[in-house]
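**Q**
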Amino acid sequence: MTKPLEGHVLSSALDTLVKSPLNQADDAALLSAAKAVWYSNSNLEGEVTAFLRCHSDELEVRRAGYLLERLTRFACVSDTRVSEALNALELFAHSTSRQEVTSSAAAPLRLRRDALAVSWGLSEGLGLKAQTLMPYQTRHYEAEQRSMFS
0 MTKPLEGHVL SSALDTLVKS PLNQADDAAL LSAAKAVWYS NSNLEGEVTA
50 FLRCHSDELE VRRAGYLLER LTRFACVSDT RVSEALNALE LFAHSTSRQE
100 VTSSAAAPLR LRRDALAVSW GLSEGLGLKA QTLMPYQTRH YEAEQRSMFS
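Written as structure tokens, this is what we have:
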């Protein structure tokens, strides 16, 4: 069993989220991870390093990498934060390998999977859980959060 990652909001949230299929993610942990990526000034490389120090299970590492990358794809993330996240994602490259994704354009809609999840070697993605995050990426909410973390 891994020990709690004290002082690391993102790492602690990832610790909770990677233990079960992502489409069953704990809403509170997902929201905590999203806010840490989107609005906090936390050091993402430090957060990923803390997470990787406590996790060697490849599935959990893949889930965490997917989640971090997925969270960078929301419109509320600043370009600077995306750049920081991409640097942090490099740390996952040493722990796991990404897979090449073939185009699913011709696949029937039912058979399509989250291409990003597939590239992380996962058969699951956030799916409808991503809708949980929608209220927290409005311009109004973003302005409130940025003023709190400034």
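Start counting the sequence shown at 0; every next residue gets the next number (numbering that gives the first Met the number 0). The beta-carbon is built from N, C-alpha and C at its ideal position, and this holds for glycine as well.
1) Let me see if you follow: with CB-CB separation under 8 Å, is Ala24 close to chain D or not?
2) Quick check on the DSSP output: the alpha helix (DSSP H) that includes Gly45 runs from which residue to which?
3) Assess contact between the stretch 41-53 and the stretch 81-93, defined as three or more Cβ pairs (one per stretch) separated by less than 8 Å. Is contact present?
4) In this structure, how does DSSP classify Gly124 when only helix, strand and coil are distinguished?
5) Assign Ala27 to one of three DSSP states: helix, strand, or coil.
6) Where does Lys34 sit, in a helix, a strand or coil, going by DSSP?
7) Among residues of its own chain, excluding the 5 on either side of Ser10, which ones have a beta-carbon nearer than 6 Å to its beta-carbon?
8) Based on Cα-Cα distance, which residue from Ser77, Glu123, Ala114 lies nearest to Gln23?
9) Do three or more CB pairs link the stretch 77-86 to the stretch 15-29 at distances below 8 Å?
10) May I have the straight-line CA-CA distance separating Trp37 from Arg61, to the nearest angstrom?
**A** On the basis of the coordinates in this document:
1) Absent here is chain D; the protein component of the structure consists of one chain.
2) 43-53
3) yes
4) coil
5) helix
6) helix
7) Leu4, Glu46, Ala49, Phe50
8) Glu123
9) no
10) 20 Å
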